[in-house]
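Student: Here you go, one structure.
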Amino acid sequence: MPEEVTECAECHVDIANHWEDSPHAHAYDDPFFQEQWQALGQPGDCLVCHTTSYEPATGDFVDEGVSCESCHGVAKSNHPPETMPILADAEYCGTCHTTTIKEWNQSDHAPADVGCMDCHDPHSQERLFKVSDDLCINCHQDDMGDYLNDTHVQNNIGCVDCHALVIPPDPIPDDGIVPTGHTFTITPATCVACHTDSLHAGFSLPGFDASAETADETGTLLSQAEEELTDEIPTEQRVEALEAALAGRTLATLFQGGIIGLVLGGTTAWIVARNVRRLPED
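Shown next, in the form of structure tokens:
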């Protein structure tokens, strides 16, 4: 344990023990970081976040890893009784956790002012609740609906398994920076990560690659196909179809609507399949 942390541990022993096994404590000696850092030629910029109080001009730093001083500042001579500051708002965390803060700013958590410490212990960096779903339900209880009776729950699939799923890029970028799952959004790739069995594969379109890597691209193609299909149908015909649908109260009209739906659906499927075949192969 670094000397600085040892001094703090004289009073804050439990906090120091929690910190000792945290990612912050091992931000410098983490094997993955060391491998990437060495491969990049050991740039000093990395040490701003992987050490404590790094000085670019000299290359010196106080501690390996992120220790007390990083978030509380230099210890005051009159502490205690004088209190120490806590530099732990989301934007401050984001000075190092750059990918996470970008994702968080895109999420519904940001405008609701649900910050890092609302979900994470700042010292151990673990979630505040041992069970992830309990953490989510703590705020989203009114949003759960029939979720607890859902097939996903019955198969031990929790909130973060879908809302915070991370599919690492392949290959890993040289800087080692990958998504962290803090937008909490679900994409086609989220579903495809699990639903690749023979039942679902049977519904694949000709030439469609049912993999997580192409799922997001396919979702985009579907939207493009819908726009393309709409453009190809004359405005007058679209208006007539809408009027017929609004006025349709007979079985014959319903049957006509079904036929139109089949035609439009088949055309959309053909356009999607045509565009999917254009996807570049890796």
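Position 187 of the sequence shown, counted from 1, bears residue number 1363 in the numbering used here, the numbering being contiguous throughout. Just so it is clear, CB atoms sit at the ideal spot from N, CA and C, and this is done for glycine as well. Predicted, not measured: the structure shown is a model, and the values here were computed from it.
#1: Beta carbon of Val1342, beta carbon of Gly1321: below 7 Å?
#2: Assuming Thr1276 is part of the alpha helix (DSSP H), what are its boundary residues?
#3: Rounded to the nearest angstrom, how far is the Cβ of His1202 from that of Gln1301, given a contact under 8 Å?
#4: With distance defined between alpha-carbon atoms, name the residue in Ser1243, Pro1347, Cys1272 and Val1368 nearest to Cys1225.
#5: Need the endpoints of the alpha helix (DSSP H) that Gln1330 sits in, please.
#6: Is His1299 helix, strand or coil when you go by DSSP?
#7: Please determine if the segment 1205-1213 and the segment 1303-1310 are in contact, where contact requires at least 3 C-beta pairs separated by less than 8 Å.
#8: Does the Cβ-Cβ distance between Thr1228 and Ser1243 come in under 7 Å?
#9: Applying the criterion that 16 or more other CB atoms from any shown protein chain within 10 Å of the CB defines a buried residue, is Glu1179 buried or exposed?
#10: For Glu1267, count the other beta carbons within 10 Å of its own beta carbon; 16 or more makes it buried, fewer makes it exposed. Which is it?
#11: Under 8 Å by Cβ, that's how I've got Cys1292 and Ala1264 pegged, so tell me the actual separation to the nearest angstrom.
Tutor: Reading off the structure:
#1: no
#2: Thr1274 to Gln1282
#3: Contact flag wrong, Cβ pair sits at about 11 Å.
#4: Cys1272
#5: Thr1327 to Gln1330
#6: coil
#7: no
#8: yes
#9: exposed
#10: exposed
#11: 7 Å
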